[in-house]
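Note that numbering that gives the first Met the number 0 has the sequence shown beginning at 0, numbered continuously upward. Quick reminder that beta carbons are idealized off the backbone N, C-alpha and C, glycines included. Since we're looking at a predicted model, the values are computed, not measured. The structure appears right after this line, and notes come after that.
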Amino acid sequence: MLSVGTASAAPGETAVGELDVGDHRDGTPVTLPVAVINGATSGERLYLQAASDGDEVNGVGVLNRVLPTIDPTALSGEIVAVGVVNPFGFHAGKHRNPLDDTKINRTYPGDEDGSSSERIAAATFTIAKEADYILDLHQGSTSRMIEECRVRCGQGHTLHGACLELAKVFDCGYILDQKGPDGQLARAGPDAGIPTIDPELGGSVGWSNSSIEIGVRGVERVLGYYGFLEGPTVSLSTQVRARSFEQYGAPDGGLVSLVATLGDRVTVGDPLFRVTTIFGTERAVVTAEEDGVLWRARRLPQVATGEYVCTVGTNVGEY
């Protein structure tokens, strides 16, 4: 029997339920939606989670679409999924947990006696660390961003190669291979001996169907490559890998127009964006200071002096 929270499934079965992670202010339980798929034959375990940042819902869309298609009688091993890690942010449409103004993906491995966010992290990490592979589904919040996978354990980590392989299998076409901040699940998972990646499924307000489909395909590729499901051989293709980021802000206030397109290769001196007045008079043209790939950009055109505009992935090569 595979049991997580109130979800229990015998071999060859799927079940959904809830995981208790604390109480609301009125004393009623706070629960996270969980699903378990117990394969008919034994094998490894895959853990997936979404919406630890409450406004990043493309990962929820991936689970919504891919889990119902998995036949437990054809599955070797187990799948465990937490559909919404940050219920407070998810329901409020906020990135952080509004109860403690905390980004949950900075609190792993958590603290079962800590704040709301730390308790959620502890409860989900207790489940995640029983897995053989971890996919922590994210997106670039509500800004615009390419689809990419993040390897956050650091290049000197003993599981760096295994995490890179997992990112290559998921296959967004782009990989950010840069050690992440303390408290990320993609840091805590490898430290516990589990290959973990952080797929960033674009950036949108609400669902992006194209980004969700890339995520669905990525999960299916992981299931095929690591032997959870039988099917065609999963081939690995060369991808673009960046090892660092360079962020650009507006030197003047006004309206921003991107010159480059997301995913474009840029070289030193190439124009990235223009800033104009309301009536179109040019105030500034900002150019690339390093070679790289235009990775992410703000969604709103209006900017104040010094406000964030875009990000270029740097130290770029192929992997």
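- Ranking 109, 115, 289 by CA distance to the CA of residue 100 puts 115 first.
- The three-state secondary structure of residue 225, taken from DSSP, is coil.
- Going by DSSP, residue 2 is part of the beta strand (DSSP E) stretching over 1 to 3.
- By the Cβ-count criterion, residue 298 is exposed, with fewer than 16 other Cβ atoms from all chains shown falling within 10 Å of its own Cβ.
- The beta-bridge partner set that DSSP reports for residue 124 is empty.
- Rounded to whole angstroms, residue 88 and residue 162 show a C-alpha spacing of 28 angstroms.
- Taking C-beta separations shorter than 8 angstroms and ignoring five residues to either side along the sequence, the partners of residue 277 in its chain run 253, 254, following chain order.
- Within the segment 113 to 197, the alpha helix (DSSP H) runs of at least 4 residues that lie entirely inside it are, in chain order, 115 to 127, 159 to 169, 184 to 190.
- Residue 38 places its beta carbon less than 8 angstroms from that of residue 75.
- Here residue 235 is exposed, its C-beta having fewer than 16 other C-beta atoms within 10 Å.
- With distances taken between CA atoms, residue 291 lies nearest to 263 out of 263, 302, 307, 102.
- Annotated as distal: residue 195 and residue 318, with beta-carbon spacing of 8 angstroms or more.
- Within the segment 23 to 79, the complete beta strand (DSSP E) runs of at least 3 residues fall at 28 to 37, 40 to 49.
- When C-alpha distances from residue 160 are compared across 103, 193, 4, the shortest belongs to 193.
- Going by C-alpha positions, residue 71 is about 5 angstroms away from residue 11.
- In the displayed model, residue 96 falls within a strand according to three-state DSSP.
- Burial state of residue 210 is buried, judged by a 10 Å Cβ sphere holding 16 or more other Cβ atoms.
- In the three-state scheme derived from DSSP, where H, G and I count as helix and E and B as strand, residue 85 is classed as coil.
- Per DSSP, the unbroken beta strand (DSSP E) holding residue 244 starts and ends at 239 to 248.
- In terms of Cβ geometry, residue 31 and residue 18 form a close pair [threshold 8 angstroms].
- In the three-state reduction of the DSSP assignment, residue 217 falls in the helix class, which pools H, G and I.
- Beyond the five residues adjoining it in sequence on each side, residue 64 comes within less than 7 angstroms, by CB distance, of 211, 215 in the same chain, given in chain order.
- Within a 10 Å sphere around the beta-carbon of residue 203 sit 16 or more other beta-carbons, which makes this residue buried.
- Residue 281 is not a Cβ neighbour of residue 245, given a cutoff of 8 angstroms.
- According to DSSP, residue pairing for residue 264 in a beta bridge involves 292.
- Burial is judged here by how many other beta carbons sit within 10 angstroms of a residue's own beta carbon; residue 138 has at least 16 and is buried.
- One Cα belongs to residue 186, the other to residue 93, and the distance between them is close to 23 angstroms.
- Here residue 217 is buried. Its C-beta has 16 or more other C-beta atoms within 10 Å.
- As DSSP reads the structure, residue 256 sits in a beta bridge with 273.
- Contact between residue 313 and residue 241 holds, with the beta-carbon distance rounding to 6 angstroms and staying under 8 angstroms.
- Excluding sequence positions up to five before and after residue 153, its CB lies within less than 6 angstroms of the CB of 178, all in the same chain and listed in chain order.
- Considering only 227, 198, 77, 172, the residue with the shortest C-alpha distance to residue 315 is 172.
- Excluding its 5 nearest sequence neighbours in each direction, residue 123 has C-beta neighbours in its own chain below 7 angstroms: 48, 81, 84, listed in chain order.
- Excluding five sequence positions before and after residue 283, the CB atoms of its chain that fall closer than 6 angstroms to its own CB belong to 250, 251, 274, given in chain order.
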